[in-house]
Amino acid sequence: VGLWEELLKALPLLILLFWKRASLNPNQLITMGVFSGLGFAAFENLHYGERAIVSSYALTSLYGAEGLASGVQNAMILVMLRAVSLVFCHGVWSGIVGYFVAAAMVRQRRLIAFILLGLGISSILHGVYNWFAEIQPTVAAAIAGLSFCLFYGYLSKFKSMVKNLS
272 VGLWEELLKA LPLLILLFWK RASLNPNQLI TMGVFSGLGF AAFENLHYGE RAIVSSYALT
332 SLYGAEGLAS GVQNAMILVM LRAVSLVFCH GVWSGIVGYF VAAAMVRQRR LIAFILLGLG
392 ISSILHGVYN WFAEIQPTVA AAIAGLSFCL FYGYLSKFKS MVKNLS
């Protein structure tokens with residue numbers, strides 16, 4: 272799932288890169304990467320919220336008031352978890368891809384290699400997060416923190432890269 276979602280979120284960025292490359296500012300690529308992730312997360316969360324409602328209805332039909340209480344509780348936990356952590360994570364993971372695309376643009380070499388590296392890193396982080404979210408949420412939270420630290424480090428590196436090339 273991580274690879275497909277990261278590819279989907281990177282698609283607007285890559286289309287813009289190849290369509291308007293000459294007029295793009297590398298900082299815009301990183302910002303657009305983050306916002307592509309945030310937009311994706313918003314729509315994905317709507318989908319998960321809808322599934323939680325359907326599940327609550329099914330539990331209510333099967334078990335009455337107890338099913339309703341259980342379904343609503345599960346839906347609230349799912350929606351809160353996704354709203355708090357995954358919106359943030361999707362933005363960060365797409366921002367990492369945006370960093371690698373912008374770094375390749377600034378360096379003017381190895382564009383495909385940098386894009387693949389960014390997609391690989393963000394896909395691995397995303398996949399590991401998803402895996403641990405199912406079995407150990409505390410480790411998933413640590414992956415979210417690591418993702419942010421990596422993104423922050425990449426932003427710091429990007430600022431110095433642009434400054435040194437100017």
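272 is the number of the first residue of the sequence shown in our numbering; add one for each residue after it. Even glycine gets a Cβ: it sits at the ideal position worked out from N, Cα and C. Computed from a prediction, not measured in an experiment: that's the story for all the values here.
Self-check item: Three-state secondary structure assigned by DSSP to glutamine 344
Solution: helix
Quiz item: Touch check for the stretch 416-423 and the stretch 279-296: three-plus C-beta pairs under 8 angstroms?
Solution: no
Exercise. Please work out which residues of its chain come closer than 6 angstroms, Cβ to Cβ, to valine 350, disregarding the five sequence neighbours upstream and downstream, and give them in chain order.
Key: Gly320
Quiz item: Quick one: what's got a C-beta closer than 6 angstroms to glutamate 335's C-beta in the same chain, skipping five residues either side?
Solution: The identity of residue 335 in the sequence shown is glycine, whereas the question assumes glutamate. No residues qualify anywhere along the chain.
Exercise. Grab the span of the alpha helix (DSSP H) containing valine 325 for me, first residue to last.
Key: 297-334
Quiz item: Grouping DSSP H, G and I as helix and E and B as strand, with all else coil, what is arginine 378?
Solution: helix
Quiz item: Which residues bound the alpha helix (DSSP H) around alanine 281?
Solution: Annotation: the continuous alpha helix (DSSP H) that includes alanine 281 extends over 273-290.
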